[in-house]
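Protein chains in written order, with this note's numbering: chain A, 1 to 297; chain B, 1 to 297; chain C, 1 to 377; chain D, 1 to 377.
Ideal Cβ placement from N, Cα and C applies to all residues, glycine included.
Everything numeric in this text was worked out from a predicted model, so none of it was measured.
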Amino acid sequence: MSILVCSDTRVVVQGITGREGSFHTAGMKEYGTKIVAGVTPGREGERVDGIPVYNTVKKARQESAANTSVIYVPHQFAPDAILEAADAGVELIVCITEGISTLDMIKVCCYVSIRGSRLIGPNSPGVISPGKTKVGIMPGAIHKEGSVGVVSRSGTLTYEVVQNLSMSDLGQSTCVGIGGDSIIGSSFVDILSLFEEDSETQAIVLIGEIGGRDEEEAAAFIREKVTKPVVALVAGRCAPREKRMGHAGAIISGGEGTADHKIKAFEEASISVAESPGNVAQILRAELEQEGDRQNL
Amino acid sequence: MSILVCSDTRVVVQGITGREGSFHTAGMKEYGTKIVAGVTPGREGERVDGIPVYNTVKKARQESAANTSVIYVPHQFAPDAILEAADAGVELIVCITEGISTLDMIKVCCYVSIRGSRLIGPNSPGVISPGKTKVGIMPGAIHKEGSVGVVSRSGTLTYEVVQNLSMSDLGQSTCVGIGGDSIIGSSFVDILSLFEEDSETQAIVLIGEIGGRDEEEAAAFIREKVTKPVVALVAGRCAPREKRMGHAGAIISGGEGTADHKIKAFEEASISVAESPGNVAQILRAELEQEGDRQNL
Amino acid sequence: MRIYEYQAHEVFSSHGIPTPQMELTRTARGAEEIAKRFARPVAVKAQVLVGGRGRAGAVKIAQSPDETHEAASRILSLHVKGERVREVLVQEALQIKEEYYLGITVDRSHRCPVVMASPSGGVEIEEVAKLTPQRIFKKLIHPLVGFQNYQARLLAFSLSRNKERATGIADILTSLFRIFEELDCSLAEINPLVITEDEKLCALDAKIVIDDNALYRHPELSSLGNIEAEDPLEVKARQRGLSYVRLDGEIGCIVNGAGLAMATMDLVKRYGSEPANFLDIGGGASKDRVSSALDIVLSDRKVKAILVNIFGGITRCDVVADGLKEAITRMKLNLPLVIRLSGTNEDEGRARLAHTKAILAGSMDEAARIAVREAKK
Amino acid sequence: MRIYEYQAHEVFSSHGIPTPQMELTRTARGAEEIAKRFARPVAVKAQVLVGGRGRAGAVKIAQSPDETHEAASRILSLHVKGERVREVLVQEALQIKEEYYLGITVDRSHRCPVVMASPSGGVEIEEVAKLTPQRIFKKLIHPLVGFQNYQARLLAFSLSRNKERATGIADILTSLFRIFEELDCSLAEINPLVITEDEKLCALDAKIVIDDNALYRHPELSSLGNIEAEDPLEVKARQRGLSYVRLDGEIGCIVNGAGLAMATMDLVKRYGSEPANFLDIGGGASKDRVSSALDIVLSDRKVKAILVNIFGGITRCDVVADGLKEAITRMKLNLPLVIRLSGTNEDEGRARLAHTKAILAGSMDEAARIAVREAKK
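Right, dumping it as structure tokens:
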């Protein structure tokens with residue numbers, strides 16, 4: 001088993017008729033993902049790439065039995081789209097949209113958890129279980145089926161690491177982009193606990209960056225609860241304070257959230273920290289061999 | 001055991017220095033209730049009837065280990081008072097205050113249930129377990145220790161029925177005034193299920209009135225889940241439609257909420273309905289004898 | 001508190017909900033003038049706060065100014081469920097293609113607002129609910145996030161698959177919910193919301209009921225009409241802090257507590273008469289309040305006997321007795337007065353009334369029975 | 001987006017938070033005039049958008065108009081963390097009895113706003129958090145009910161047991177939270193909130209940071225100052241849809257994606273140099289956007305070598321190559337340009353750059369190493 005998405009994943013695309021939505025729908029379909037429905041209000045009855053479009057997620061669910069939604073609507077409409085998916089009983093909601101306001105996301109996250117759905121993102125590249133299904137915008141070709149779980153706050157940096165893993169013959173069980181914003185539906189800890197329980201996942205790569213305390217909490221969680229080998233990478237060592245580095249999340253305020261602080265937290269939890277994307281695979285390989293030795297004793 | 005309140009109940013009085021608060025604090029104390037703290041912002045350090053006053057419920061809880069709160073603050077401040085009690089971890093909150101706005105209560109009830117507290121009221125006369133403790137404004141003397149559970153939406157009508165029961169030697173396990181407003185923290189069904197589980201309660205009296213669907217839901221619940229004898233009384237048979245009869249709850253709009261509709265619901269669920277407060281005891285006595293006969297067969 | 005239709009239309013209009021052209025008048029002459037200015041068929045609608053004005057003949061379509069005059073004149077002479085018609089609203093009559101229902105109220109069981117929409121507008125929604133419940137679409141509104149666009153769309157697309165029409169309906173629902181929240185409504189309703197022949201949306205009728213418990217937040221509304229304020233006795237009672245509703249029977253009732261008051265009224269009926277009123281003197285009533293209560297009940301000419309039923313908890317029976325005694329003396333009472341006092345200080349109360357002409361009863365059953373008997377004498 | 005202190009004070013004042021008497025000026029002469037009018041000691045405070053102005057000597061107390069002139073003149077000649085001081089705020093100096101801290105921000109872990117109060121105001125709150133965390137009181141705010149009075153009281157009574165003072169602090173907290181919500185803040189802070197010798201509350205400093213993602217809801221704020229808008233290159237980059245932050249190093253970086261950009265900068269440092277900037281060209285960049293990026297990086301005189309690191313996902317390497325080639329030709333590039341292209345259409349991209357002077361690297365590690373080496377030549 002992979003986590004979050006697998007070959008039983010049935011996807012409804014919210015915003016399927018938009019530029020982004022239709023482009024990535026084609027990409028997901030090509031990868032083999034079961035796209036079963038799309039939603040754009042007022043466009044019910046149309047088809048995009050052969051996929052039926054509905055006015056509402058509720059109707060789309062009724063007609064297609066979708067269990068996962070991926071959201072490509074513009075930022076002003078994204079909170080409504082997430083709430084709609086949660087209210088319609090969608091189990092997993094992956095929000096690609098970036099630029100959603102923080103106070104909106106606070107309410108949205110609270111509502112989603114009341115409804116019992118799981119939200120990935122916003123500002124996430126998506127989730128992929130290589131060889132099975134891809135729900136998001138990442139390039140499928142760089143991934144390889146395997147047993148490394150990858151969880152990350154960023155997009156292209158993850159691709160870099162994933163490519164490095166694949167080229168080193170370290171395939172992935174699932175790669176999860178939790179999103180670069182300050183308020184996100186699922187944290188590192190949420191995803192780490194899924195990887196820990198997942199029988200297919202044998203090792204974990206965590207890609208963090210400056211800002212917030214998510215990495216520190218992940219380090220504490222790994223020390224307490226994770227038995228599988230973990231390698232961490234933290235971007236932003238030389239990012240200056242009080243400057244915003246692209247992501248809403250990537251700002252350091254006060255003493256908290258520096259890369260050094262995060263790296264120290266990982267090291268204190270005896271977690272290996274890679275110095276650059278290029279040596280993640282190498283460190284992970286060493287960890288796995290050590291782990292193998294330990295098991296052979 | 002009684003339900004909701006018993007001799008372990010430790011009460012904090014919110015609004016203890018007010019006219020209502022101080023008056024009823026004396027009454028509760030006299031009845032034997034353990035009043036352990038009071039709250040009035042800015043009056044910390046004072047004493048009312050020997051009871052220490054604190055600025056906040058949090059502090060009062062810390063100092064007194066109160067597990068129950070009773071609220072006598074004016075209606076504009078009551079939502080805040082309920083939220084404060086819930087946030088401070090008070091298990092049972094009894095709100096006597098009447099006149100709280102409906103939309104405020106909607107948010108308050110939702111928050112209280114998220115926090116895991118139980119709310120009785122607002123616009124409730126309170127809760128009493130005769131001989132043990134009284135949390136509210138009802139006259140203690142008319143009650144008698146025993147095994148009849150009483151649940152009601154009104155105040156003096158309940159006293160009338162309770163007096164009638166006590167004079168007929170039908171003592172009460174607990175009497176609960178759930179409140180006369182349209183949005184209340186605990187419904188008939190909530191209290192009925194507690195009575196059903198309570199070993200001390202052998203029979204139940206339910207006192208309803210016009211408005212809403214609470215009695216209809218109670219009737220359905222009793223039919224399905226309640227094994228103990230129940231006698232119902234419904235006030236407002238001759239109340240005209242679209243006229244407001246005092247309580248915020250006591251208005252009939254459209255076809256719903258008439259006394260006849262409610263009485264029919266009880267009768268269809270094979271629940272005895274008393275015609276007036278004066279014959280509740282008599283009907284209940286008959287029910288209990290029948291029940292006894294049945295058990296002797 | 002219910003406000004008048006024309007006031008609700010003003011609220012709608014200021015929140016961007018399309019309403020028909022309309023004007024208010026107190027005279028048939030005025031109605032005729034309005035119809036002339038509009039230069040088209042009009043609807044003449046009684047402005048009353050009770051429901052059922054349609055069945056009472058208080059809404060009429062008029063094709064011409066003359067017909068308008070006639071209709072207004074007739075309607076202005078009516079009473080609807082006891083409420084005198086003082087004003088009529090003259091509204092342009094539209095060519096109607098479809099009639100929808102939109103309404104927002106509070107769902108007591110789920111403890112949240114509920115937004116309702118139905119394609120069966122123009123009739124009483126309770127009838128639709130009974131006969132074709134599947135034609136009412138409902139959305140419960142979670143207090144955390146309020147009414148969201150997707151919910152408006154969901155309901156709107158249930159009424160019409162036409163995109164423009166659905167978008168218009170969704171916008172109106174959103175405005176209606178804003179009104180519901182801003183004005184602390186217990187009901188905000190459009191019935192019917194019509195689609196005209198030229199495919200325009202318009203709220204033909206407007207109904208707003210405001211939560212009495214929230215009126216303190218809306219001083220701007222206290223000047224608006226009020227059902228309880230219609231009856232002069234009800235106004236007087238309210239001023240004295242009494243909850244009083246005038247009814248059609250002959251037994252004047254004075255009780256402490258709303259539930260007990262209703263149960264007392266039920267008993268009056270059970271013994272073969274009808275209550276003249278609902279009157280709750282509230283908890284811990286003072287001598288003055290009790291005296292005022294008797295005063296008000298006696299001002300109702302229909303009353304043939306008075307029934308006082310007090311269960312003393314916070315209320316003290318001796319105080320009630322003092323108030324009653326004072327009023328009896330002051331007003332030279334010549335109607336039968338049956339009094340039942342129970343609870344706090346009941347003996348003192350009874351003692352104080354011993355030498356008056358009041359009849360003291362031992363229970364509320366007995367009191368009701370005697371009062372009915374006395375009234376029939 | 002951070003706004004200036006004086007603007008934040010205006011917001012405070014319009015929401016009923018007591019602020020000192022103050023005026024803004026661009027000249028030492030103006031500052032002197034203001035001090036004369038106030039006729040009392042004043043504080044002269046640089047208006048900059050970066051933190052740490054106190055340590056930079058950009059806040060001074062002046063006892064007289066002459067001293068004010070001198071202080072303003074000195075401050076107006078300063079740069080704070082690279083930001084030139086253009087304006088100073090002249091504020092009445094108060095007799096201070098106590099200094100508190102009040103602040104509201106977003107708690108990422110709990111996914112809700114957090115309201116903080118501390119009796120240790122006037123110093124950096126991060127220091128208090130480190131040294132005496134028990135002196136910071138926090139309340140998490142549930143999004144369902146928002147900031148309630150009881151929470152304001154709870155925090156206020158933690159700062160002072162004096163009823164009047166606590167009530168005043170609670171009111172200010174309530175106003176501050178209203179500002180936080182209405183303006184979509186990521187930070188709203190008063191440090192210090194002072195109690196004056198005559199027992200009055202006053203917000204001496206004011207700090208507001210607005211959530212960039214919510215700016216679309218606040219067109220009224222777009223005219224206000226902005227940290228990124230300070231640097232002309234940053235303004236230019238923003239206009240072209242690029243996320244650019246100028247730094248102090250010598251390697252100009254052009255990357256797609258914020259995380260990858262930071263990782264690239266980290267590598268530059270690891271190989272012994274410093275990045276001249278952060279630059280994220282975003283996803284699916286066009287030829288023009290790429291060309292603009294090179295343009296901007298080259299406008300920074302400190303840059304000695306350029307490092308382009310592209311991982312093509314949605315972004316196509318051939319399009320990036322076209323943009324780079326166009327810019328190279330147009331601008332007659334004479335700096336070392338190291339390019340790493342990987343992912344979508346990487347071969348096509350590399351082919352297009354084959355006959356330019358750009359150095360093509362096989363991995364981002366290699367690219368960073370070469371760029372650093374070239375810059376040192």
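| Item | Value |
| --- | --- |
| Residues near ALA248(A) by beta carbon distance below 6 Å, same chain, minus five either side | Its pLDDT being 48, under 50, ALA248(A) is placed unreliably in this model, and the value from its coordinates should be taken loosely. ASP181, SER182. |
| Backbone CA spacing between ASN149(D) and TYR101(C) [nearest angstrom] | 39 Å |
| Beta-carbon gap between LEU288(A) and PRO229(A) smaller than 9 Å | yes |
| 7 Å CB neighbourhood of MET364(C) in its chain, flanking five on each side removed | THR264, LEU267, ASN309, ARG340 |
| Min CB distance PRO41(B) to chain D below 9 Å | yes |
| Of the residues ASN277(D), ARG108(D), THR315(D), the one placed nearest ARG382(D), counting alpha carbons only | The structure shown does not extend to residue 382(D), since chain D is modelled only from 1 to 377, so the question has no answer here. |
| Stretch-stretch touch, CB-based, cutoff 8 Å, three pairs: the segment 47 to 54 of chain B with the segment 160 to 174 of chain D | no |
| Coil, strand or helix - LEU233(D) by DSSP | helix |
| Per DSSP, the bridge partner or partners of PRO192(C) | In DSSP, PRO192(C) forms no bridge with anything. |
| Integer Cβ distance of ILE82(A) from VAL112(A), believed to fall under 8 Å | 7 Å |
| Three-way DSSP call (helix, strand, coil) for GLU87(C) in this model | coil |
| Short Cβ contact (9 Å threshold) for CYS253(C) with VAL297(C) | yes |
| Neighbour flag for VAL115(D) against chain B, beta carbons, 9 Å | no |
| Alpha-carbon to alpha-carbon, ILE178(A) and ALA250(B) | Its pLDDT being 48, under 50, ALA250(B) is placed unreliably by the model, and the measurement read from it follows with that caveat. Between ALA250(B) and ILE178(A), the C-alpha separation is close to 51 Å. |
| Start-end ranges of the alpha helix (DSSP H) lying completely within the segment 336 to 368 of chain C, minimum 4 residues | 346 to 352 |
| Alpha-carbon to alpha-carbon, LYS134(A) and THR102(B) | 47 Å |
| Of the residues THR167(C), LYS304(C), SER292(C), the one placed nearest ARG373(C), counting alpha carbons only | LYS304(C) |
| Burial state of ASN191(D) (16 or more Cβ within 10 Å) | buried |
| Every unbroken beta strand (DSSP E) within the segment 125 to 163 of chain A, with a cutoff of 3 residues, ordered by chain | 126 to 129, 133 to 136, 145 to 152 |
| Assumed close pair VAL39(B), ALA60(B) - CB separation to whole angstroms, cut-off 8 Å | 5 Å |
| Cβ pair VAL234(A), PHE195(A) closer than 9 Å | no |
| Unbroken beta strand (DSSP E) run spanning ILE96(D), endpoints | 96 to 107 |
| 6 Å CB neighbourhood of ILE227(C) in its chain, flanking five on each side removed | Its pLDDT being 46, under 50, ILE227(C) is placed unreliably in this model, and the coordinates cannot settle the point. |
| is_contact[LYS269(D), chain A] using C-beta, thresh 9 Å | yes |
| Distance, ALA361(C) Cα to PRO277(B) Cα | 16 Å |
| Proximity winner among ALA220(B), ARG47(B), PRO122(B), SER199(B), relative to ASN213(C) (alpha-carbon distances) | PRO122(B) |
| PRO143(C) at chain B interface by Cβ criterion, 9 Å | yes |
| Same chain, Cβ closer than 8 Å to GLY89(B), five either side skipped, listed in chain order | ARG61, ARG115, SER117 |
| Spatially closest choice to SER64(C) from GLN7(C), GLU5(C), ALA72(C), by CA coordinates | ALA72(C) |
| Option nearest ASP288(C) by Cα separation, candidates SER273(C), ASP318(C), ALA261(C) | ASP318(C) |
| Cβ pair LEU324(C), LYS357(C) closer than 9 Å | no |
| Residue environment, GLN163(B), which counts as buried when at least 16 other CB atoms sit within 10 Å | buried |
| Distance between LEU94(D) and PHE311(D) (C-alpha atoms, nearest Å) | 57 Å |
| Chain B contacts from the segment 313 to 325 of chain C (Cβ-Cβ distance under 7 Å) | GLY313, ILE314 |
| Chain B within 9 Å of ASP205(C), Cβ atoms only | no |
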